[in-house]
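Peer 1:
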Amino acid sequence: MDKKEKVLEIIKRLDKIYPNVKTALNFNTPLDLLVATILSAQTTDVNVNKVTENLFKKYKTAYDYANASLEELEKDIKSINFYKNKAKYIKSLAKELIEKFNGEVPKTMEDLVSLPGVGRKTANIVLWNAFGINEGVAVDTHVKRLSKLLGLTENTDSDKIEQDLMKITPREYWGKLSHLLIMLGREICKAKSPQHKICPLNDICPSSGI
DNA sequence: AACTCGGGGCA
DNA sequence: TGCCCAGAGTT
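Residue 193 in UniProt numbering sits at position 193 of the first sequence, and the numbers go up by one each step.
(1) Along the chain, where does the alpha helix (DSSP H) that runs through D140 open and close?
(2) My parser needs the alpha helix (DSSP H) runs of 4 or more residues fully inside the stretch 44-80; what are they?
(3) Taking its Cβ as the centre, do 16 or more other Cβ atoms sit within 10 Å of A191, making it buried, or is it exposed?
(4) May I ask you to report which of helix, strand or coil DSSP gives P116?
(5) C189 bridges to which residues according to DSSP?
(6) When the Cα atoms are used, what is the spatial distance from I204 to K58?
(7) By DSSP, does F82 sit in helix, in strand, or in coil?
(8) Helix, strand or coil for F131? Go by DSSP, reduced to three states.
(9) Which stretch, first to last residue, makes up the alpha helix (DSSP H) that contains P30?
(10) Cα-Cα, which of P206, V51, T29 and F56 is closest to L149?
(11) Please report how far the alpha carbon of E187 lies from the alpha carbon of G117, in whole angstroms.
(12) For G175, count neighbouring Cβ atoms within 10 angstroms of its own Cβ and tell me buried if that reaches 16, exposed if not.
(13) Ignore the nearest five residues each way along the sequence and tell me which others in Q195's own chain have a CB closer than 6 Å to its CB.
(14) Could you tell me which of D32, E135, I133 and P200 sits nearest to E104, measuring between CA atoms?
(15) Restricting to Cα atoms, I'd like to know which of N202, K197, L181 and I198 is closest to P19.
(16) Secondary structure at N202, three-state DSSP: helix, strand or coil?
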């Protein structure tokens, strides 16, 4: 089974246990998701959803974030790690949305990654979940770890891993693959305690040991 | 490529 | 108490 066939098999199997997979971050609007995804860096989606439940009631548009003081925004996301950095990103990002994009969240990779605090991972999450656009593969720590464990990639650099995954995966599955691997990484193939026995990929995983 | 940012949950 | 967690920017 070559890598292209393997990816399709992985998607097929994971799709069965995670049907209609999508981001675990709660959101109503593209701006909500952009903010939530920035907040999610190096923390858990549970922590993010706890904060955004109230945050999104208070800040509904880019203008709301731009007009708020940095101190107030910091206070509203204080339970998130790196909250000072993230508050700064979100506030300046909101200004750029107003100046360059009429207050709307742009729908292209180029425009999204031009925003402060937004990298390819965040952009891919937003593009796929908010707009249904397959522009790339979202590579986070889970995808990074699993793509190597599964023998799909050998690189360690996130951008190279994304390129590798894009080459061997049909474009229509890029967004789905990202989230399937993230779910597998969170719930089954955990970094510290991989659950080989209940993993649907244990017979085709080089790292399974079963 | 290594380093910095660092709150909260859980063992 | 100590360790980890849906990254991105800077050096």
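From the three backbone atoms N, C-alpha and C, an ideal C-beta is built for every residue, glycine too.
Peer 2: So, from the listed chains and residues:
(1) That residue, D140, is in no alpha helix (DSSP H); it is neither H nor E in DSSP.
(2) 45-58, 62-67 and 70-76
(3) exposed
(4) coil
(5) P194
(6) 47 Å
(7) coil
(8) helix
(9) P30 to L39
(10) P206
(11) 27 Å
(12) buried
(13) I188
(14) D32
(15) L181
(16) coil
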